[in-house]
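When we follow the working numbering, the leftmost residue of the sequence shown carries the number 332, and every step to the right adds one. The beta-carbon is built from N, C-alpha and C at its ideal position, and this holds for glycine as well. This one's a predicted model, so the numbers in the text were calculated from it and none came from an experiment.
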Amino acid sequence: MKTRQLILTGIMTLGLTSVIFAKGDRENKGGFGIKGGVGLSTISFENQNNSKNTWKVGGMLGVGYEARIGKAFALDFEALLANKGVKSEESYSILGNNGNVIVKTNLYTFEIPVSAKIYLGDHFNIYAGPYFSYTLGANYKIDATLGNKSQTKESRNFFDNDYKDANGELPMNRFDVGANIGLEFVSDGGFGVGARFQKGFRDITNDKYKGSVTEQDGYIFPADDKFVTNTGFQVYGIFRF
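Here you go:
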């Protein structure tokens, strides 16, 4: 499915939901909203050269629709753009000069979370549910220093044809499915804050990938049959119409 079709499908889903639940939302303060914030993410593929994986900061922005079901329950549908990935760092020494390499792998994703909410009072809720994710693009950026010299290098999109190996395989899988669990506070005026933990269930790397013949950027992901998943936290603000 093309990226444009996937985005349109998410928007149509939100629109259809708004028609079905519109009456109840006017009575119980649900409805459309905008969400935006920052997140910490990591992925746990096997490190090379003993580098250390850490959390990477990325942003998220999108729209949501909350359908209230009585006073205590709600369903929430979202369509989000998010920057995920991982940060790794390695230190080394060459001929008495100390060096450092920081690699940031960026995953640019379109996500549709669907959450069931339980309200504890009028403003505070806890929620959980699945999310469905499609990776629009991915790359890495290397910042290297050696003594007084520094160099920055950024790769092309991992889904470009140049990354295909001799069998036509790409290093990553585009689709991911996972779960969210979180909490929110929304005021009577529609402003609020939220936080959640995310965990992906699918292997985001392609274990059939054996390395590119034409790509000169070097090693991307190992074909080691290791199950590699996304993990992340997000903190965000809410403005509900």
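Could you check where the beta strand (DSSP E) with residue i kicks off and where it finishes?
{"i": "Met391", "result": "Lys387 to Ile400"}
{"i": "Asp538", "result": "Here Asp538 belongs to no beta strand (DSSP E), and DSSP marks it neither H nor E."}
{"i": "Lys435", "result": "Asn428 to Leu451"}
{"i": "Ala403", "result": "Run containing Ala403: none; DSSP gives neither H nor E here."}
{"i": "Glu515", "result": "Phe506 to Val517"}
{"i": "Tyr494", "result": "Looking at the DSSP string, Tyr494 is not in any beta strand (DSSP E), and its letter there is neither H nor E."}
{"i": "Gly364", "result": "Gly362 to Ile374"}
{"i": "Phe564", "result": "Asn561 to Arg571"}
{"i": "Gly521", "result": "Taken as a continuous stretch (DSSP letters only), Gly521 belongs to no beta strand (DSSP E), as it is neither H nor E."}
{"i": "Asn479", "result": "Element bounds for Asn479: n/a, residue is neither H nor E."}
Alpha carbon to alpha carbon, how far is residue j from residue i? Give it in angstroms, no decimals.
{"i": "Phe404", "j": "Lys472", "result": "43 Å"}
{"i": "Asn384", "j": "Arg571", "result": "36 Å"}
{"i": "Val434", "j": "Arg487", "result": "14 Å"}
{"i": "Glu442", "j": "Ile425", "result": "43 Å"}
{"i": "Ala469", "j": "Asn492", "result": "13 Å"}
{"i": "Tyr567", "j": "Glu485", "result": "28 Å"}
{"i": "Ala410", "j": "Gln482", "result": "37 Å"}
{"i": "Gly563", "j": "Gly427", "result": "38 Å"}
Can you round the beta-carbon distance between residue i and residue j to whole angstroms, since I take them to be within the 8 Å contact cut?
{"i": "Asn504", "j": "Ile457", "result": "About 31 Å; that fails the 8 Å criterion."}
{"i": "Gly499", "j": "Gly531", "result": "So it is not a contact: roughly 25 Å between Cβ atoms."}
{"i": "Asp507", "j": "Asn437", "result": "15 Å between Cβ atoms; not a contact."}
Determine, using beta carbons only, whether residue i comes closer than 8 Å to chain C.
{"i": "Lys418", "result": "Of the protein chains in the structure, only one exists, and it is not chain C."}
Count the C-beta pairs between the region 440 to 460 and the region 424 to 432 that are closer than 8 Å, then say yes if the count reaches three, no if not.
-> Too few Cβ pairs lie closer than 8 Å, so no.
How do the region 409 to 419 and the region 368 to 375 stand: do at least 3 beta-carbon pairs fall below 8 Å, yes or no?
-> Result yes; three or more Cβ-Cβ pairs closer than 8 Å.
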